[in-house]
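A.B. asks:
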Amino acid sequence: MTFDRVLAYLVGALSAVLVVVLLTSQAAPSEVGPNRIAAAHMLEQVNEVRADEGLAPLRSADDVTEVAERWSATMAADQHMRHNPAFADEICCWGLATENVAWSEPHRLWRPGDPVERITDELHIALLNSPGHRANLLDADVDEIGIGVHVDAQGSVWITQNFRRFVAE
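Take the sequence shown: its letters are residues 594 to 762, numbered as in our numbering.
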């Protein structure tokens, strides 16, 4: 095999690898946005409280997270906080399913330059101070959670927490 043929082969192989890398990076972004970072922060807070109460930590479930993210975006688009009447139908494999929703007006908790995590700290405390929401957070019968955080154009923060006891189908 001549040097030119080896070089042509290597260039072709590298080009194919580059195309695969580019397609993969477009299909699955490598960066995690601030809403997902805030949701991960909130999950840490939930699991810290659960540990303090002697409860097992909750696992984040991708399918439940997607439902929670969509609902938070829906509430923001409608500018109306409410429970998702269909969330239990939108997730699978559950023996128990519950939901918390929360919202923060920008003028009440949000300050220019604040990271979303500061707002989720405030909302986490508010949920813990509500007996029904606290019960969902500390329910020993659930083992998975999906958290959706959405910041709208006005700076309001919308949060959905969907809890599930996973049951294999």
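Even glycine gets a Cβ: it sits at the ideal position worked out from N, Cα and C.
Return the chain-ordered list of same chain residues with a C-beta closer than 6 angstroms to the C-beta of ALA661, the five sequence neighbours on each side being excluded.
C.D. replies: The answer, listed in chain order, is GLY739, ILE740, GLY741, THR753, ASN755.
A.B. asks: Can you give the Cα-Cα distance for ALA719 and GLU762, rounded to whole angstroms?
C.D. replies: Taking the straight line joining both Cα atoms gives about 35 angstroms.
A.B. asks: Answer with buried or exposed for VAL639, where buried requires no fewer than 16 other C-beta atoms within 10 angstroms of its C-beta.
C.D. replies: Buried, since its Cβ has 16 or more Cβ neighbours within 10 Å.
A.B. asks: Tell me the residue span of the beta strand (DSSP E) that contains GLU737.
C.D. replies: 737 to 744 is the extent of the beta strand (DSSP E) around GLU737.
A.B. asks: Can you give the Cα-Cα distance for TRP664 and GLY647, rounded to whole angstroms?
C.D. replies: C-alpha separation (whole angstroms): 30 angstroms.
A.B. asks: Label ALA746 either buried or exposed according to how many other C-beta atoms from any shown protein chain fall within 10 Å of its C-beta, with 16 as the threshold for buried.
C.D. replies: With fewer than 16 Cβ atoms within 10 Å of its Cβ, ALA746 is classed as exposed.
A.B. asks: Using the beta-carbon count (16 or more within 10 Å), is SER675 buried or exposed?
C.D. replies: The displayed chain sequence assigns Arg, not Ser, to residue 675. The residue is exposed, with fewer than 16 neighbouring Cβ atoms inside 10 Å.
A.B. asks: Less than 8 angstroms between the beta carbons of THR713 and ALA631, yes or no?
C.D. replies: A contact, by the Cβ cut-off of 8 angstroms.
A.B. asks: For ARG675, name the three-state secondary structure that DSSP assigns.
C.D. replies: DSSP places ARG675 in coil when its eight states are reduced to three.
A.B. asks: As a quick exercise: from ALA681, TRP751, TRP687, pick the residue whose alpha carbon is nearest that of VAL735.
C.D. replies: Of the listed residues, the one whose Cα sits closest to VAL735 is TRP687.
A.B. asks: How should VAL750 be labelled, buried or exposed, when 16 other C-beta atoms within 10 angstroms of its C-beta is the threshold for buried?
C.D. replies: VAL750 comes out buried.
A.B. asks: DSSP three-state label for SER665, please.
C.D. replies: Of the three classes helix, strand and coil, the one that applies to SER665 here is helix, per DSSP.
A.B. asks: For ILE752, list the residues DSSP reports as bridge partners.
C.D. replies: ALA695, VAL742.
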